[in-house]
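Student: 31 is the number of the first residue of the sequence shown in this note's numbering; add one for each residue after it.
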Amino acid sequence: MSETINTAGDHSKSLLIIAHTPSPNTREMAKAVLEGAQNEVIGQVKSKLVSPFDCDHKMVLESDGLILLTTENFGYMSGALKDLFDRVYYPCLAEPTLNDAKPFALIIKAGLDGTGTQASVTKITSGLKWRQVQAATLCKGEFESSFLDKCRHLGLTIAASLDAGII
Ligand SMILES: Cc1cc2nc3c(=O)[nH]c(=O)nc-3n(C[C@H](O)[C@H](O)[C@H](O)COP(=O)(O)O)c2cc1C
31 MSETINTAGD
41 HSKSLLIIAH
51 TPSPNTREMA
61 KAVLEGAQNE
71 VIGQVKSKLV
81 SPFDCDHKMV
91 LESDGLILLT
101 TENFGYMSGA
111 LKDLFDRVYY
121 PCLAEPTLND
131 AKPFALIIKA
141 GLDGTGTQAS
151 VTKITSGLKW
161 RQVQAATLCK
171 GEFESSFLDK
181 CRHLGLTIAA
191 SLDAGII
């Protein structure tokens, strides 16, 4: 999205991290994403971490970019993220100027798989006309600290890309 002067009168961008975190591991992952996005090298990006349950279409539309973090449940995205999509889908499509080509990235936390989540999020976000700017980050199997590194790195990458105006 090109840089515009926002309602706060400055040139900052906003990154919304929407994370479903039902476990200690996923809470650590969400914190790592935020930590990366708030790295000291980031100049003009304000990042916020929310649960899908506390998010609505206005928050989505007002953001310049999104990072979605979800667990895989029953071979699909979490019910929490699906509930968000159910609520925002048509209200977002009704605001093409703010919605279309919204840049986003996806982190999947799965026990063993993750492919069903990736496919289901791709299908819905294609319908939403959003733009996936990074290959999905898949964290599966036994929890390891590299998951946190990946999350931190993704937060930094997306925030830096918004900051530089390249996504
Ligand atoms: C109800 C339920 C269904 C699940 N279904 C899947 C699944 O279909 N595929 C998969 O890879 N993991 C599945 N999992 C595992 C979750 O993805 C995992 O619990 C989540 O990523 C949190 O992991 P953590 O305990 O390491 O934080 C399921 C977990 C629950 C509670």
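Quick reminder that beta carbons are idealized off the backbone N, C-alpha and C, glycines included.
To the nearest angstrom, report how far apart GLN68 and ASP86 are at their CA atoms.
Tutor: Against the sequence shown, residue 68 aligns to sequence position 38. Against the sequence shown, residue 86 aligns to sequence position 56. Going from the Cα of GLN68 to the Cα of ASP86 covers about 23 Å.
Student: With 16 as the cutoff for other CB atoms within 10 Å, does ILE35 come out buried or exposed?
Tutor: Along the sequence shown, one-based indexing puts residue 35 at 5. Note on ILE35: pLDDT 49, under 50, position unreliable in the model; the coordinate value appears next. Classification of ILE35: exposed, given that the 10 Å Cβ count is below 16.
Student: Could you give the C-beta distance for GLY185 and LEU64, rounded to a whole number, given that I count them as a contact under 8 Å?
Tutor: Taking the first residue of the sequence shown as 1, we reach residue 185 at position 155. Taking the first residue of the sequence shown as 1, we reach residue 64 at position 34. With a Cβ gap of about 6 Å, GLY185 and LEU64 count as contacting.
Student: Say the cut is 7 Å; is the CB of LYS61 nearer than that to a heavy atom of ligand 1?
Tutor: Numbered from its first residue, the sequence shown carries residue 61 at position 31. Not under cutoff, so the answer is no.
Student: Please list, in chain order, all residues with a C-beta atom less than 7 Å from at least one heavy atom of ligand 1.
Tutor: Any residue whose Cβ sits closer than 7 Å to a heavy atom of ligand 1 makes the list: PRO52, SER53, PRO54, ASN55, THR56, THR101, GLU102, ASN103, PHE104, GLY105, LYS139, ALA140, GLY141, LEU142, ASP143, GLY144, GLY146, LYS170 and PHE173.
Student: Please classify ILE197 as buried or exposed, where buried requires at least 16 other C-beta atoms within 10 Å of its C-beta.
Tutor: On the sequence shown, residue 197 is found 167 positions in, with the first residue counted as 1. Buried, since its Cβ has 16 or more Cβ neighbours within 10 Å.
Student: VAL151: buried (16+ other C-beta within 10 angstroms of its C-beta) or exposed?
Tutor: On the sequence shown, residue 151 is found 121 positions in, with the first residue counted as 1. Under this definition VAL151 is a buried residue.
Student: Assuming GLU102 contacts ILE138 under a Cβ cut-off of 8 Å, what Cβ separation, rounded to an integer in Å, is found between them?
Tutor: Reading the sequence shown from its first residue, position 72 is the one you call residue 102. Reading the sequence shown from its first residue, position 108 is the one you call residue 138. Right, their Cβ atoms sit about 6 Å apart.
Student: Hey, could you find the ends of the beta strand (DSSP E) PHE134 is sitting in?
Tutor: Reading the sequence shown from its first residue, position 104 is the one you call residue 134. Where PHE134 is concerned, the enclosing beta strand (DSSP E) stretches over 133-140.
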